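Have a look at the structure below before the remarks.
There are 2 protein chains.
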Amino acid sequence: MILATLFSPLSLLLLLFFSFSTLSFSHFVPTFPSPSKFHPELTTQLSRSSSSSSSSNGLYETKFFTQTLDHFDYTPQSNHKFQQRYLFNDTHWGGANNNAPIFVYTGNEGNIEWFTQNTGFMFETAPRFQALLVFIEHRFYGKSVPFGGNREVAYANTSTLGYLSSTQALADYATLIIDLKKNISAIDSPVVVFGGSYGGMLAAWFRMKYPHVTIGALASSAPILHFPGLVSPYVFSDTIANDFRSESENCYNVIKSSWKQIEDAGKTDKGLKLLQKSFRLCKNYSSDDLEGWLQSAWTYTAMTDYPTPSNFMNPLPAYPIRKMCEAIEKEKKRSTFEKLYAAANIYYNYSGSATCFDLDDHSDPHDLGGWQWQACSEMIMPLGVRKESMFPESEWSYKSRSDSCQFYYNTTPRPHWITTEFGGYHIHQVLKRSASNIIFFNGLRDPWSGGGVLKSISKTLVAIVAKEGAHHVDLRYSTKEDPKWLTHVREKEIKIIASWIKRYYRDLQL
Amino acid sequence: MILATLFSPLSLLLLLFFSFSTLSFSHFVPTFPSPSKFHPELTTQLSRSSSSSSSSNGLYETKFFTQTLDHFDYTPQSNHKFQQRYLFNDTHWGGANNNAPIFVYTGNEGNIEWFTQNTGFMFETAPRFQALLVFIEHRFYGKSVPFGGNREVAYANTSTLGYLSSTQALADYATLIIDLKKNISAIDSPVVVFGGSYGGMLAAWFRMKYPHVTIGALASSAPILHFPGLVSPYVFSDTIANDFRSESENCYNVIKSSWKQIEDAGKTDKGLKLLQKSFRLCKNYSSDDLEGWLQSAWTYTAMTDYPTPSNFMNPLPAYPIRKMCEAIEKEKKRSTFEKLYAAANIYYNYSGSATCFDLDDHSDPHDLGGWQWQACSEMIMPLGVRKESMFPESEWSYKSRSDSCQFYYNTTPRPHWITTEFGGYHIHQVLKRSASNIIFFNGLRDPWSGGGVLKSISKTLVAIVAKEGAHHVDLRYSTKEDPKWLTHVREKEIKIIASWIKRYYRDLQL
């Protein structure tokens, strides 16, 4: 299956490689490397932790809802049903009689268990709000695959995959939530939605489009403005460059100057052997492959540059970019390749168990492969690299995206659909008159923050910006080592959510 | 084609007959009579006036837009395109350089020319606002038929007809408006949407769902609450009864007691002949047919009980219910059938040219037939009749609707979809926090007013209620005979729309 080879573990990132690629069309596939290349220890470990939580750790019950394939049409095909998975925890719920709140995570492009494990904030705040927790899996991901759960069929071509879209996903959430509330007799319980990354975009859009289903949304690191005409294609890569530069100008310079050296080495057999040796590659890879692998490391690390040790994409220490730059700076006399290896090793091999790196390993433990399709249908999020950045220069090209999508799926994207459906142009003027109760959290070290809402729009449409924050860091479990700013962010979010709920109860009594 | 026989000229009314029918399933078809039964003069006249306005009266240019069949999916079928008609008048437009406003009519279930002719309010207010006028035809109606404009194919079965839905129509409007604004370089021109009846529902929903495309909506006689669980099924028929009763208690009593007499007459040949003679029927019809024909007359007249002469459904005098009741009262000694005939004649033959009435005439001059499908997919608007009303008692039965839809289209309705997608429950609490800039006009003589928003929700969500008003009377051309209340309603609407535009311009400068 073609898709498997195109996977990328935090699939929003696929977009990056769409545009970072300066390679010809025939090199399209290799530009989607998986960040977890080495085997076998880490991948095994990840999948083990993933499966154990669903069955035995008591975090949640797993349930299924019979969902409609197509909410907006009434063709015979569209009347098909599928089983949508959701995770359910009522440990702290105050019950229907009290109209106690329901907290819903609007699932992203992957296995919902993985996002659930990385959204400790909901578990930690549930007791305070006596909230029921529900995590809904996005259609076509994890175990929520239409067409009888048959992935071969569902992902075969556009006649089935065509039902994977953001608007259908939002309608899924509305339908499931309304039905669930009926079933547990909690019609008047307020629903608050939460989401990070693409899940955050869905949460924000859900509040905008379905205000009768949710009273408010915490949209964390949601780049709802990262669409054509609304954002500079360079903001993503510029942010990564700034992240490294903020640790040390030299660190940035070493990486920036490395690409030419790698390309030069790639031109000779001797050079290729040097690359293999320097980077502990299991076999000989082209310089293009290696560049993609390093770009992944720098990019994912920037996204997950958390202030405490984490294991979202890969296991990482606290402040991993700082650690990378320290590794680069450590021994000034080492070669550029040795420095880069030392830094990349932090991302790919923090546990230290890898003996060599397999750049062909495109395993997909979190089942993120469907994003490739979403990036070919409606998620046209322009990304490019300018000269001043840290990556090889690359212009954003819609045509190149469109050509790829034509080749892989025999489909042409609809580049203006997202802004047609959800807006974005003059967003402050529009939303202040037509929406309320959304928190837009962004950490400025997160490359996706450039496409986020960074200024408050009104008293109830609040932007929280953390200069030192990374990709939806606020949603993670708290730790004793959390810096003060992070604790304050979460406290502020809790306070705002409490105000929504309070006002909802007051409205209800009118 | 089955559909043609099920047509009803103001197609929202189809719903009525779905539920007014106390007949068995086999009688389903005859309960959808056309209100314009007699031939040939009036039908000819109507269609003549209809076609002339599109070509020669200079009211508008006719244009077409290449529209996407399915906005929400990406299957091969959904990528089809079709030609959507819209009418365009820039006589008074202030131009793109001035960001002059664009007034858009969100077309209903029929030929857009017909609705345009009955929305004089937009033409009359255009000069004052220097507004561009655009009237967009609803997909599957008029000349906006997908599948190459081939009605046989488009209406053949659910595999094609399944793309006729309200959400697709709203997305059509968003797509067309955004594209049009680009093409005329009027990106920052504010768009105000207008609609009456189902078009009014679409206008209101459009403002709720696409606030980035329109700054406000005038939703006239829009029964957005006429859905299961939100409204009494009796409110529609109760309103009609009250309309007649308000003219004279005796008038109401004559009609109320007539059904049994008609049914009794229908049991014998002699009685049937009496009915044919009394009602000037072209041939013998069953009492069921006659009842449907009379119900249509009373109902449509209640909807169009305008204070001035009109020709919306049929040509009618001012205050037609009063005229009907006067006809019933006129000669006390006449038989019930003669009284009813005199009243019905006002609706069916005000021009006086009919020689006999053909109850089998199901011609559809305004192309409203598609509503039958919409009533079988998502437009589940419960209607019933209680004992105290003026019509034969009849309980609303979802099962009966569902059975009919299964029979005719091999489809089962989705009765909760509209409220899932657009809300309705606790609408005041929801919308006051999540919407603005909608005028809900309702005339209380209009049977659909019971499903409308009759109380203001906030300073910017304003209900205008006219005790003496009928179905979207505010949208009609003004006349010298307009009563003061109607003039005031329109002035109030203009003032509110002006305030939206003023605030939009102010926001734009921030």
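Chains as they are written, first to last, in the numbering used here: chain C, 71 to 580; chain X, 71 to 580. Just so you know, even glycine gets a beta-carbon here, dropped at the ideal spot from N, CA and C. None of the values given here were measured: they were computed from a predicted structure.
Provide the residue span of the beta strand (DSSP E) that contains residue i, from first to last.
i, result
"Asn159(C)", "Lys151 to Asn159"
"Glu319(X)", "First-last for Glu319(X): Glu319 to Ala335, but that is the alpha helix (DSSP H), not the beta strand (DSSP E)."
"Leu288(C)", "Gly286 to Ser290"
"Ile509(C)", "Ile508 to Gly513"
"Gln173(C)", "What sits at residue 173(C) in the sequence shown is Phe, not Gln. Ile172 to Thr176 is the span of the beta strand (DSSP E), which, as asked, contains Phe173(C)."
"Val261(X)", "Val261 to Gly266"
"Phe135(C)", "Glu131 to Thr138"
Please list the terminal residues of the continuous alpha helix (DSSP H) segment that includes residue i.
i, result
"Ala533(X)", "No alpha helix (DSSP H) holds Ala533(X); the beta strand (DSSP E) holding it covers Leu531 to Ala536."
"Val500(C)", "Ile497 to Ser504"
"Phe582(X)", "Residue 582(X) falls outside the range modelled here, since chain X spans only 71 to 580, and no answer is possible."
"Val559(X)", "Lys554 to Gln579"
"Asp242(C)", "Ser236 to Asn253"
"Ser148(X)", "Taken as a continuous stretch (DSSP letters only), Ser148(X) belongs to no alpha helix (DSSP H), as it is neither H nor E."
"Ala424(X)", "Run containing Ala424(X): none; DSSP gives neither H nor E here."
"Trp518(C)", "No alpha helix (DSSP H) contains Trp518(C), which DSSP labels as neither H nor E."
"Ile182(X)", "Ile182 to Gln187"
"Ser447(C)", "Trp441 to Ser447"
Mark residue i as exposed unless 16 or more other C-beta atoms lie within 10 angstroms of its C-beta, in which case mark it buried.
i, result
"Ser122(C)", "Here the model assigns Ser122(C) a pLDDT of 35, short of 50, so the residue's position is not dependable and the matter cannot be decided."
"Ile206(C)", "buried"
"Tyr319(C)", "For the record, residue 319(C) in the displayed sequence is Glu; it is not Tyr. Exposed, since its Cβ has fewer than 16 Cβ neighbours within 10 Å."
"Glu458(X)", "exposed"
"Phe477(X)", "exposed"
"Pro197(C)", "exposed"
"Arg560(C)", "buried"
"Arg503(X)", "buried"
"Asp339(X)", "exposed"
"Pro146(C)", "exposed"
"Asn507(C)", "buried"
"Gly422(C)", "exposed"
"Gly454(C)", "buried"
"Pro435(X)", "buried"
"Arg576(C)", "exposed"
"Lys529(C)", "exposed"
"Gln444(C)", "buried"
"Glu491(X)", "buried"
"Leu580(X)", "exposed"
"Lys337(X)", "exposed"
"Tyr468(C)", "exposed"
"Glu131(C)", "exposed"
"His208(C)", "buried"
Tell me residue i's beta-bridge partners as DSSP assigns them.
i, result
"Gly164(C)", "Answer is none; Gly164(C) lacks a bridge partner."
"Tyr280(C)", "DSSP output for Tyr280(C) lists no bridge partner at all."
"Val455(X)", "Ser464(X)"
"Gly494(X)", "His496(X)"
"Ser528(X)", "Leu531(X)"
"Leu202(C)", "Ile172(C)"
"Phe477(C)", "DSSP lists no partner for Phe477(C)."
Quick test of your reading: residue i and residue j, contact by CB under 8 Å. State the CB separation rounded to the nearest angstrom.
i, j, result
"Gly349(X)", "Phe427(X)", "Rather than Gly, the amino acid found at residue 349(X) in this sequence is Phe. Right, their Cβ atoms sit about 7 Å apart."
"Glu179(C)", "Gly440(C)", "6 Å"
"Phe135(X)", "Leu246(X)", "5 Å"
"Pro377(C)", "Asp552(C)", "7 Å"
"Pro260(X)", "Pro171(X)", "5 Å"
"Ala273(X)", "Leu288(X)", "7 Å"
"Lys213(C)", "Arg277(C)", "That belief does not hold up - the Cβ atoms of Lys213(C) and Arg277(C) are roughly 26 Å apart, past 8 Å."
"Ile332(C)", "Phe314(C)", "So it is not a contact: roughly 17 Å between Cβ atoms."
Check the Cβ of residue i against every Cβ in chain D and list those closer than 9 Å, keeping chain order.
i, result
"Asn507(C)", "Considering every chain present, this structure includes no chain D. Its protein chains are C and X."
Next on the checklist: Suppose only complete runs of 3+ residues qualify. What are the beta strand (DSSP E) ranges in the region 333-421 of chain X, listed by chain order?
Outcome noted: If you keep only unbroken beta strand (DSSP E) runs of at least 3 residues inside the region 333-421 of chain X, you get nothing at all.
Checklist entry - What are the complete alpha helix (DSSP H) segments, minimum 4 residues, inside the region 204-229 of chain C? => result Along the region 204-229 of chain C, the alpha helix (DSSP H) occurs as fully enclosed runs of 4 or more residues at 221-224, listed in sequence order.
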